[in-house]
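Every number in the working numbering is 1319 more than the matching position in the sequence shown, counting from 1. The structure under discussion appears below in the form of structure tokens.
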Amino acid sequence: MAREYLRTFKVYDLDEVKEHLVIAGDLSGDCAKCRELGIDYLKAASCPQCGTPFKYIASRRLDSHPGERFQFARRIQEKRPDLIMIDHTDYTSAVGHKKARDFFG
């Protein structure tokens, strides 16, 4: 039986995700909580600066290279099966909406 990656949608607590998210770049990642840069997201279980454990991962590269989405998902699943992959565009959009709601009350 062939196994493929499919995008799914699930409701998450945005503050919980931000608290435990590592954002992957081309070479390294950064902590969404404290903005620490240069984190090896393939190895780091927690942020070296603030100590928060990582539970989620998003990739900025997929915004500009959407065709790499499933290759990235496969690589993360192989190397970091403990992390839940979050779509970076969805995450930034949700954060923007939350900031607007908080601002306009």
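Ideal Cβ positions, reconstructed from N, Cα and C, are used throughout, including at glycine.
Item                                                                                                         : Value
Alpha carbon of CYS1353 to alpha carbon of ILE1342, nearest angstrom                                         : 12 Å
Per-residue burial, LEU1346 [other beta carbons within 10 Å of its own, 16 or more giving buried]            : exposed
Contiguous alpha helix (DSSP H) assignments of at least 4 residues, all confined to the stretch 1384 to 1408 : 1388 to 1398
Cβ-based burial, SER1383 [other Cβ within 10 Å; buried from 16]                                              : exposed
Start-to-end residues for the alpha helix (DSSP H) that takes in ASP1334                                     : 1333 to 1338
Beta-carbon spacing of TYR1324, PHE1391 below 7 Å                                                            : no
Terminal residues of the beta strand (DSSP E) in which ILE1376 lies                                          : 1375 to 1378
Any 3 or more C-beta pairs closer than 8 Å across the stretch 1399 to 1411 and the stretch 1368 to 1385      : yes
Pairwise C-alpha distance: LEU1361 and GLN1396                                                               : 10 Å
Exposed unless 16 or more other CB atoms sit within 10 angstroms - verdict on ASP1334                        : exposed
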